[in-house]
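Chains as they are written, first to last, in the UniProt record's numbering: chain A, 1 to 356; chain B, 1 to 356.
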DNA sequence: CTCGCCTACTAAACCGGTTCAAACGAGCGC
DNA sequence: GCGCTCGTTTGAACCGGTTTAGTAGGCGAG
């Protein structure tokens with residue numbers, strides 16, 4: 001016998017076992033398999049534990065034996081703090097957290113530089129990669145560790161699940177909407193195509209190098225619609241700004257609206273960019289949609305609240321979050337692909353061009 | 001000798017040690033204390049590890065020995081998913097995540113019911129309790145486990161740090177602003193005072209029972225200002241709605257604006273409630289601030305973007321998040337108290353009453 | 001030549017539990 | 001009185017590392 005119940009003063013499961021003269025297995029069972037103990041003994045164990053100030057099995061140790069930590073990890077492309085200023089990302093997080101809540105799982109937000117220092121050691125059972133990027137440091141850490149993971153909006157990766165939308169079709173429907181209204185001079189507001197913080201009008205070569213899948217697809221969608229309408233894509237300026245917030249949209253739109261002839265319609269690759277564009281239009285004394293039409297992408301809540309309400313492409317970020325989390329809960333389904341619907345929502349920010 | 005390098009096919013540190021005929025300590029050192037090994041041996045170890053498909057020490061096991069998981073926990077009063085629809089909470093999260101990022105810490109969002117099932121086992125070193133509530137299930141779990149924690153906006157708890165603002169003064173300044181403008185018929189929009197999902201006009205007795213510290217303090221602030229101006233507090237209707245979003249504000253304001261005589265100014269305990277109130281005013285065909293003035297609390301970004309821009313009490317949620325996280329990083333400082341500044345921001349949603 | 005010290009590495013304890021096969025005793029049918 | 005089953009309880013292995021005290025060997029100084 002002679003276990004080591006009192007080492008260093010810490011109260012461990014062994015302390016309790018010794019105090020009662022029972023085995024550690026018994027104490028462990030009192031917490032994890034109460035039905036295996038006589039109720040008398042169980043009560044004695046629990047009572048003694050309380051008396052000794054034992055707060056129950058140390059989660060870390062329990063976890064090591066069991067091999068499960070009951071936590072889902074979430075890796076974000078950029079610093080995690082950026083996610084909180086992106087309404088779409090916040091909705092996504094909400095979706096994920098709903099599932100976590102329901103399943104009694106913790107949600108672990110993993111940031112810590114591209115090197116993946118945190119990703120390498122984060123205590124999680126599986127990971128949602130909310131990023132649109134080829135394997136970089138963080139994702140590599142996940143792959144190395146052999147953790148199950150799901151990619152959202154990004155590329156399909158072998159062995160990993162996938163949740164996304166038909167970005168191309170969504171973008172095409174937005175462009176077609178404007179073209180159908182009679183617009184011929186379009187401008188595009190793009191989030192960063194390449195991860196180099198460059199800003200300016202992205203030429204075709206740069207568009208081709210677009211690194212982020214969703215970006216690339218949306219660009220292709222715009223282009224297909226423009227060309228299908230008989231226009232030249234090369235005549236459509238694509239203004240790229242970094243990072244990807246409202247201010248970026250404002251600056252990109254300012255540049256586009258300063259062109260002569262002025263575009264009569266702006267296609268924004270996100271609602272945040274579009275809302276920035278509305279501010280730029282106001283700055284320039286232009287009315288929306290009288291002088292310039294604006295169409296966004298995402299349909300975040302602020303889109304409907306805007307003045308005028310923003311025409312945009314709806315996708316459910318929350319549902320994406322839910323799906324991603326659920327995919328990880330059913331391991332056999334991890335390699336699944338979920339493609340969620342998109343839908344053009346016509347509101348007040350788009351109308352016929354001024355000359356019509 | 002004869003270690004157990006290959007049990008069940010899993011590649012562990014022992015596998016690598018055996019393959020090389022060195023001790024496990026050596027392999028461990030190769031990763032954690034490279035300087036303790038000759039570079040020759042270190043390279044051999046790392047190389048063999050790669051060859052065997054060993055991804056490095058299992059974080060869980062490492063953690064058990066070291067006793068640190070490098071993660072901060074965050075407990076939210078309500079279901080975590082609610083936090084993502086509250087702009088103030090999102091800003092707070094952003095502040096926390098900034099620090100986590102900088103310190104290479106994971107941020108663990110803990111939800112999972114009031115019973116604290118998740119809180120009891122979440123793998124974290126310390127906890128931020130972003131809730132304004134006496135010890136309930138979740139917090140009890142934290143206390144039992146002896147984790148260091150910080151309370152934000154809630155009550156001061158012995159041994160725990162605290163971050164908050166002077167809610168009373170902030171509320172008083174909002175009320176004083178309206179009273180100075182000449183308003184005499186005020187109405188208050190309150191978030192839940194007691195956790196019973198009740199809705200209606202909270203009488204003095206119910207106000208007294210207000211369970212949430214911030215709520216209680218803001219109410220007192222309003223009251224003090226009202227009484228200092230020579231008015232009777234009991235004449236000011238306090239409309240309570242549950243939960244605490246924009247829709248709640250809309251409903252509360254609708255009720256207040258239906259009163260005769262109609263209040264000429266509304267004090268909202270949060271910007272979300274205030275923005276809901278603006279919608280209610282529009283519903284009722286009332287102009288803001290012509291027919292009714294509205295003042296919020298928080299100064300979230302949407303406040304400045306509203307039409308008209310919202311007068312409100314500014315506090316920095318992000319800074320609160322940062323402070324809370326930082327408090328936990330310096331253990332000796334955990335019992336500290338941080339009181340952040342508040343400031344009235346006068347914008348366009350408040351003006352003199354109609355008769356002036 | 002010897003002592004002491006330093007470097008490179010190892011054995012064994014430890015982190016705090018969980019789990020599984022086996023032991024034990026009691027009750028029961030025959 | 002015997003063999004069985006059932007419900008409890010336990011010893012020992014295990015989870016996968018980290019760490020500390022200590023050893024072997026090489027080298028310089030005295």
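No residue lacks a Cβ here, since even glycine has one placed at the ideal position from N, Cα and C. Note that the structure is predicted; figures quoted are calculated from it, not measured.
Mind checking whether residue 337/A and residue 156/A have CB atoms under 8 Å apart?
Yes, the pair counts as a contact, with Cβ atoms nearer than the cut-off.
Looking only at its chain, what residues have a beta carbon closer than 7 Å to the beta carbon of residue 216/B, apart from the 5 residues adjacent to it on each side?
Sequence-distant partners of residue 216/B (beyond 5 residues in either direction) whose C-beta falls short of 7 Å from its own C-beta, in its chain, are 210.
Considering only residues of the same chain and omitting the five flanking positions on each side of residue 353/A, which have a CB-CB separation below 6 Å?
Excluding positions up to five away in sequence, the list reads 182, 183, 264.
Identify the continuous alpha helix (DSSP H) that holds residue 97/A and give its terminal residues.
Per DSSP, the continuous alpha helix (DSSP H) segment holding residue 97/A begins and ends at 87–102.
Grouping DSSP H, G and I as helix and E and B as strand, with all else coil, what is residue 184/A?
Assignment of residue 184/A by DSSP, reduced to helix, strand and coil, places it in the coil class.
With 8 Å as the limit, tell me which residues of the region 36–62 of chain B have their beta carbon closer than that to any beta carbon of chain A; keep them in chain order.
Per Cβ criterion, the list reads 55, 56, 59, 60, 61, 62.
Please report the straight-line C-alpha distance between residue 141/A and residue 116/A, rounded to a whole angstrom.
Looking at the backbone, the Cα of residue 141/A and that of residue 116/A are separated by about 6 Å.
From residue 11/A to residue 176/B, what distance separates their C-alpha atoms?
Just so you know, the alpha carbons of residue 11/A and residue 176/B end up roughly 55 Å apart.
Among the candidates 326/B, 289/B, 317/B, whose CA atom is the shortest distance from the CA of residue 348/B?
The option with the nearest alpha carbon to residue 348/B is 289/B.
Mind listing the chain B neighbours of residue 94/A? Cutoff is C-beta to C-beta under 9 Å, in chain order.
Within chain B, the C-beta atoms nearer than 9 Å to that of residue 94/A come from 80, 81, 82, 83, 84, 85, in chain order.
Beta carbon proximity, residue 307/A to chain B, threshold 8 Å
Output row for residue 307/A: interface = yes.
Going along chain B, which residues have a C-beta under 8 Å from residue 108/A?
Within chain B, the residues near residue 108/A are 71, 106, 107, 108, 109.
In angstroms, rounded to a whole number, what distance separates the CA positions of residue 104/A and residue 70/A?
So the two alpha carbons sit approximately 8 Å from each other.
Straight-line CA distance for residue 248/B to residue 238/B?
C-alpha separation (whole angstroms): 13 Å.
With distance defined between alpha-carbon atoms, name the residue in 75/B, 48/B, 89/B, 149/B nearest to residue 270/B.
Nearest option by C-alpha distance: 89/B.
Go to residue 12/A, then tell me how far its beta strand (DSSP E) extends in each direction, as first and last residue.
Where residue 12/A is concerned, there is no enclosing beta strand (DSSP E), given that its DSSP letter is neither H nor E.
Within 10 angstroms of its Cβ, does residue 132/A collect 16 or more other Cβ (buried), or is it exposed?
Per the 10 Å Cβ criterion, buried.
Contact set between residue 223/A and chain B, taken where Cβ atoms lie within less than 8 Å
Result: empty, since nearest Cβ-Cβ is about 32 Å, beyond 8 Å.
Just list the beta strand (DSSP E) runs in the region 256–284 of chain A, keeping only unbroken ones of 3 residues or longer that don't cross its boundaries, in chain order.
The beta strand (DSSP E) runs lying completely inside the region 256–284 of chain A and spanning 3 residues or more are 265–268, given in chain order.
Rounded to whole angstroms, what is the Cα-Cα separation between residue 284/B and residue 170/B?
Cα to Cα, the separation comes out at about 29 Å.
At a CB-CB cut-off below 9 Å, which residues of chain A make contact with residue 100/B?
Within chain A, the residues near residue 100/B are 80, 81, 109, 111, 112, 118.
Short of 6 Å in beta carbon distance, which residues of its chain neighbour residue 165/A, apart from the five on each side in sequence? Order them along the chain.
Closer than 6 Å at Cβ, skipping near neighbours: 315, 340, 342.
Note down, in chain order, each residue of its chain lying with its Cβ closer than 7 Å to the Cβ of residue 56/B, except the 5 sequence neighbours on either side.
31, listed in sequence order.
Measuring only the C-alpha atoms, how far is residue 188/B from residue 148/B?
Each residue's Cα considered, the two are about 37 Å apart.
Starting from the N-terminal side, write out each stretch of the beta strand (DSSP E) that is 3 residues or longer and does not extend beyond the region 99–172 of chain B.
Taken in chain order, the unbroken stretches of beta strand (DSSP E) that lie wholly in the region 99–172 of chain B and span 3 residues or more are 106–110, 126–130, 149–152, 161–165.
From residue 214/B to residue 212/A, what does the alpha carbon distance come to, in whole angstroms?
Residue 214/B and residue 212/A have their C-alpha atoms spaced approximately 44 Å apart.
Interface flag, residue 333/A vs chain B, CB-CB below 8 Å
No - not a single Cβ of chain B is within 8 Å of the one on residue 333/A.
Quick one: any contact between the region 96–111 of chain A and the region 93–110 of chain B, if contact means 3 or more CB pairs under 8 Å?
Between the region 96–111 of chain A and the region 93–110 of chain B, the count of C-beta pairs closer than 8 Å reaches three or more; the two stretches touch.
Between the CA atoms of residue 34/B and residue 5/B - distance to the nearest angstrom:
Its pLDDT being 44, under 50, residue 5/B is placed unreliably in this model, and the value from its coordinates should be taken loosely. Note on geometry: alpha-carbon atoms of residue 5/B and residue 34/B lie some 22 Å from one another.
If contacts are defined as beta-carbon pairs under 8 Å, then residue 114/A and residue 137/A qualify, I think. What distance do you get, rounded to the angstrom?
Indeed they touch by this definition, with Cβ atoms about 5 Å apart.
Residue 309/A vs residue 294/A beta-carbon contact at 8 Å:
Going by C-beta atoms, residue 309/A is not nearer than 8 Å to residue 294/A.
Can you list, in chain order, the residues of its chain with a C-beta nearer than 6 Å to that of residue 79/A? Leave out the 5 residues immediately preceding and following it.
Counting only Cβ-Cβ distances below 6 Å, and skipping sequence neighbours, we find 111.
Is residue 144/A close to chain B, meaning its C-beta is less than 8 Å from at least one C-beta of that chain?
Yes, residue 144/A lies at the interface with chain B (some Cβ there is under 8 Å from its Cβ).
Entirely within the region 303–329 of chain A and at least 4 residues each: give me those alpha helix (DSSP H) ranges in chain order.
Listed in chain order, they are 317–329.
Compute the Euclidean distance between the alpha carbons of residue 27/B and residue 100/B, then round it to the nearest angstrom.
Rounded to the nearest angstrom, the gap between the Cα atoms of residue 27/B and residue 100/B is 30 Å.
What does residue 97/B reach in chain A if we use C-beta pairs closer than 7 Å?
Against chain A, the beta carbon of residue 97/B has neighbours under 7 Å at 80, 81, 84, 109, 111, listed in chain order.
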